[in-house]
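Student: Below is one structure. I have some questions about it.
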Amino acid sequence: MNRSAIDLWVGIFVAAGFAGLLFLALKVGNLASFSTAQTYQVHAKFANIGGLKVRAPVKSAGVVVGRVSEIRFDNESYEAIVSMNLDYAYQFPRDTTAKILTSGLLGEQYLGLEAGGDGVMLKTGDRLRLTQSAVVLENLISQFLFNKAAEGKEAAK
Amino acid sequence: MQQSKIVEISNVSFGYDPAVPVLREVSLDIPRGSVVGIMGQSGCGKTTLLRIIAAAYLPTRGTARVLGTSTRELDRDALYAMRRKMGMLFQFGALFTDMSVYENVAFPLREHAMLPEDLINDLVMMKLHAVGLRGAAYLMPTELSGGMARRVALARSIALDPQLILYDEPFTGLDPISFGVIVRLIRSLNDSLGATSIIVTHDVQEALGVVDYVYFMAAGRVIAQGRPDAIRASEEPFVNQFVNGRRDGPVPFHYPAPAYDADLELAAA
Amino acid sequence: MTPTSNWRQPEMRVADLRARLERLGGTVTFQIWRLGFASRFLGYLLLHSGTALRRFRLTVAEIYFAGVLSLVIILVSGLFVGMVLALQGYETLQRYGSSEALGILVALSLVRELGPVVAGLLFASRAGSAITAEIGLMKATEQLSAMEMMAVDPIARVVAPRFWGGVISMPLLAALFSAMGIFGGYLVGVELIGVDAGAFWSQMQAAVDVRNDILNGVIKSLVFGVAVAWIAVFEGYDAPPTAEGVSRATTRTVVTSSLAILALDFILTALMFTGGNGK
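Protein chains in written order, with the working numbering: chain V, 48 to 204; chain A, -14 to 254; chain B, 389 to 667.
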């Protein structure tokens, strides 16, 4: 095997290797979507974030418009502060509601935005005032039992 | 700097394992321009001595001065600089099997001399011509016979025109013709290059015909030395046994064993 | 003839046990000493890698022998692993009505684990053993000593290019393995079984994160490449210069590399895929 043939094959090999990596990054992974878009950051406070994780999607009308970037705990108001990066292309009014929803019945939790009617749009660093916390299963069950107990008392009267 | 003695070994003692000495206070000198033979039984330490000269090992005691410098004083760069003035022929050639004959001989030239390709080509062809294998330049080492491989290795070891050439058992396993060729090449190359050669071997008769001086070793010591005629006529028992190939002498035929009767079943009955 | 009793005197039993413990201790100490020697060897090799990187031609030749010649086994194995993943995965997923997650299953399994690990194991057995045998034989036929005598450092000239050739080839082979596997999964899942192609790819893209999954897979394959290349060149260089010695060294390369890959995989997975993510 002479020098130039070896060089040729190694070149093909390395090129194929990089092509494989590129294929994985673009077609298999989510590189194509999102990482290059310009974003602006807004915050929201929640009483309970449930199972929301960093990098969870932020959706409005079911379409991904951003990602959760940071989740912190506010030691003064004892609430969770969620920071999210929204795509610059999508502008939301100041009175947009943020809710923590679950995709499917037992799926991943994501942040849903419902646009309000205010004329002024959100700017970087703004805080969404209207929030709805995640539904926690234990609270739901105890609420259900409480309701059932209340109904029972009513019927017994 | 002209040295009259290319190699000076003074009271060198050495052992691979410190508890088992292989060389015991060996002293010898190799004058410039001569072909010197170091002979002895297998295991007498002659190959080890060669390695000490090549600075592959440092003596435990004593000094080895090669080409004017003690091997102890060499740092890595100085060691490599010294080795560029030496050539070594290994027992079975040690050619690089993944390169052709041409590439093997060109190896030291490419690694050490910044020469243009056509100059390297000329030098390689000259060296191969000196050993008679110019026509085999593009064969691979696996396609060569033992004798041819040995000659290519010889061409490789003289590629940089060394001042000192070391031969480690160069005649092992050769047919009579290749044998004669190598023997004559050692002499002619030594003289035409103005170099000094050291041959480690136990092929007595042929070696005695080509060397200027002989050192005889046994059990890590030099037990005899002299010009070939003196060695041939030597009365020293070991040398006598060695040179004439006698069955018995200082080196006994029988390996130490209990009495013969004891091992045979007959005695017990 | 007096019958020999199987009952040994207590002192003899203790002596027996002691002898065995000493031998075991000796083996362990020897292995630790050898590890130290191997580490010094690696340090020396890295320091003297200048030649391998400056005269890149040498390393390119080694990338050919280690990487290109392993392509066939890597691609074919990758294809089959992906196909089997799809088959087995579908079996289980469709029981929970989640057969559309097949793409996610195949992709994540390959990119995170199977790609680097299986490609690493195959690389160790094909290229690793070849490198060990080559260096071992060069040592046995005195080629390395001859080079040393010609004032050329054999570690810089022979060993370092093979080391770097292995390190460079490994991530590329792992990526090709994963890519081929996903393709195999697609072939079986979509073409053969009939899972929806759109769901297959889109769910996969939503679930596989470039930074977390793919990059971590590449890092894993790099670590495995260093480990396998190091073990292969060291065993070759340290092999006794006999036929038996070289053959034992090649076996040791394959066994040690495989164990190292699996152990490192555990450590890296624990570091990368737990701890960091779940907050």
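By construction, the Cβ of each residue, glycine as well, lies at the ideal position given by its N, Cα and C atoms.
Straight-line CA distance for Asp597 of chain B to Ile461 of chain B?
Tutor: Between Asp597 of chain B and Ile461 of chain B, the C-alpha separation is close to 28 Å.
Student: When you compare only the Cα positions, how much space is there between Arg406 of chain B and Thr417 of chain B?
Tutor: The straight-line gap from Cα to Cα measures roughly 16 Å.
Student: At a CB distance below 9 Å, what residues from the region -2 to 18 of chain A approach chain B? Give them in sequence order.
Tutor: Going along the region -2 to 18 of chain A in chain order, one finds no residue with a Cβ nearer than 9 Å to chain B.
Student: Consider the Cβ of Phe156 of chain A: report whether some Cβ of chain B lies at a distance smaller than 8 Å.
Tutor: With 8 Å as the cut-off, Phe156 of chain A does not count as an interface residue toward chain B.
Student: Listing by chain order, which chain B residues have their CB less than 8 Å from the CB of Ala79 of chain A?
Tutor: In chain order: Thr529, Glu530, Gln531, Ser533 and Ala534.
Student: According to the neighbour-count rule (16 or more other Cβ atoms, all chains shown, within 10 Å of its Cβ), is Gly605 of chain B buried or exposed?
Tutor: Buried.
Student: Thinking C-alpha only, which one of B:Leu463, B:Arg483, B:Ile519 and B:Val464 is nearest Ala678 of chain B?
Tutor: Residue 678 of chain B is absent from the model: chain B starts at 389 and stops at 667.
Student: Does any C-beta atom of chain A lie closer than 8 Å to the C-beta of Ala544 of chain B?
Tutor: So, not an interface residue.
Student: Taking one C-beta from the region 137 to 147 of chain V and one from the region 172 to 186 of chain V each time, how about it: are there three or more such pairs within less than 8 Å?
Tutor: Yes, the region 137 to 147 of chain V touches the region 172 to 186 of chain V.
Student: If Ile(-6) of chain A and Ser12 of chain A are in contact, beta carbons under 8 Å, what's the gap, nearest whole angstrom?
Tutor: Contact holds; Cβ gap of about 6 Å.
Student: With DSSP as the reference, label Gly165 of chain A as helix, strand or coil.
Tutor: Reduced to three states, the DSSP call for Gly165 of chain A is helix.
Student: So, is the C-beta of Ala474 of chain B closer than 8 Å to a C-beta in chain V?
Tutor: Taking Cβ atoms only, chain V never reaches closer than 8 Å to Ala474 of chain B, which makes this a no.
Student: Report buried or exposed for Glu220 of chain A, applying the criterion of at least 16 other Cβ atoms within 10 angstroms of its Cβ.
Tutor: Under this definition Glu220 of chain A is an exposed residue.
Student: Is Asp14 of chain A helix, strand or coil by DSSP?
Tutor: Note: Asp14 of chain A maps to strand in three-state DSSP.
Student: Output needed in chain order: residues of the region 85 to 116 of chain A with a Cβ under 8 Å from some Cβ in chain B.
Tutor: Correct list: Phe92, Pro93, Glu96 and His97.
Student: Can you tell me whether Asp134 of chain V is helix, strand or coil according to DSSP?
Tutor: Of the three classes helix, strand and coil, the one that applies to Asp134 of chain V here is strand, per DSSP.
Student: Just to make sure I have the definition right: I need the residues of chain V whose C-beta is within less than 8 Å of the C-beta of Ala515 of chain B. Which are they?
Tutor: Result: empty, since nearest Cβ-Cβ is about 13 Å, beyond 8 Å.
Student: Would you check if there are 3 or more beta carbon pairs closer than 8 Å linking the region 547 to 560 of chain B to the region 443 to 451 of chain B?
Tutor: Segments in contact, yes.
Student: If you measure beta-carbon to beta-carbon, which residues of the region 24 to 42 of chain A are closer than 8 Å to chain B?
Tutor: Per Cβ criterion, the list reads Ala39 and Ala41.
Student: Excluding the five sequence neighbours on either side, which residues of its own chain have a C-beta within less than 7 Å of the C-beta of Arg640 of chain B, listed in chain order?
Tutor: Cβ neighbours of Arg640 of chain B beyond the five flanking positions: Glu623.
Student: At what residue ranges does the region 477 to 533 of chain B contain a whole run of the beta strand (DSSP E), taking only runs of 3 or more?
Tutor: DSSP runs (the beta strand (DSSP E)) wholly in the region 477 to 533 of chain B: none.
Student: Less than 8 Å between the C-beta atoms of His436 of chain B and Ala548 of chain B, yes or no?
Tutor: Contact: yes.
Student: Going by the beta-carbon positions, is the gap between Ala296 of chain A and Leu35 of chain A smaller than 8 Å?
Tutor: Outside the shown range of chain A, which is -14 to 254, sits residue 296 of chain A, and nothing can be said about it.
Student: Can you pull the chain B neighbours of Asp54 of chain V, defined as C-beta to C-beta under 7 Å?
Tutor: Within 7 Å Cβ-Cβ: Val448.
Student: Output needed in chain order: residues of the region 149 to 176 of chain V with a Cβ under 7 Å from some Cβ in chain B.
Tutor: Within the region 149 to 176 of chain V, no residue qualifies.
Student: For the candidate residues A:Arg69, A:Gln210 and A:Gly53, whose alpha-carbon lies nearest to that of Lys(-10) of chain A?
Tutor: Ranking A:Arg69, A:Gln210 and A:Gly53 by Cα distance to Lys(-10) of chain A puts A:Gly53 first.
Student: Going along chain B in order, which residues have a C-beta closer than 9 Å to the C-beta of Met73 of chain A?
Tutor: Those within 9 Å of Met73 of chain A in chain B are Ser533, Ala534, Met537 and Met538.
Student: Would you please verify whether the beta carbon of Thr198 of chain A is less than 8 Å from any beta carbon of chain B?
Tutor: Residue identity differs from the one stated: residue 198 of chain A is Tyr in this sequence, not Thr. No, Tyr198 of chain A lies away from the interface with chain B (no Cβ there is under 8 Å from its Cβ).
Student: Taking all protein chains shown into account, decide if Ala98 of chain A is buried (16 or more other Cβ within 10 angstroms of its Cβ) or exposed.
Tutor: Counting Cβ neighbours within 10 Å, Ala98 of chain A comes out exposed, since fewer than 16 surround it.
Student: Can you have a look at Lys170 of chain V and say buried or exposed, based on whether 16 or more other CB atoms are within 10 angstroms of its CB?
Tutor: It counts as exposed.
Student: Since I believe Gly25 of chain A is in contact with Ala203 of chain A (beta carbons under 8 Å), could you give me their beta-carbon distance rounded to a whole number of angstroms?
Tutor: About 6 Å separates the two Cβ atoms, so the contact holds.
Student: Pick out whichever of A:Ile15, A:Phe77, A:Arg46 and A:Val20 has its Cα sitting closest to the Cα of Pro6 of chain A.
Tutor: Residue A:Arg46 is the option with its Cα nearest to Pro6 of chain A.
Student: Compare the C-alpha of Pro542 of chain B against each of B:Ser557, B:Ile523, B:Leu560 and B:Met558 and name the closest.
Tutor: Residue B:Ile523 is the option with its Cα nearest to Pro542 of chain B.
Student: Of the choices V:Thr149, V:Tyr137, V:Ile59 and V:Ala63, whose alpha-carbon is the least far from that of Val89 of chain V?
Tutor: Residue V:Tyr137 is the option with its Cα nearest to Val89 of chain V.
Student: Using beta carbons (cut-off 8 Å, strictly below), is Tyr257 of chain A in contact with chain B?
Tutor: There is simply no residue 257 of chain A to check, as chain A begins at -14 and stops at 254 in what is shown.
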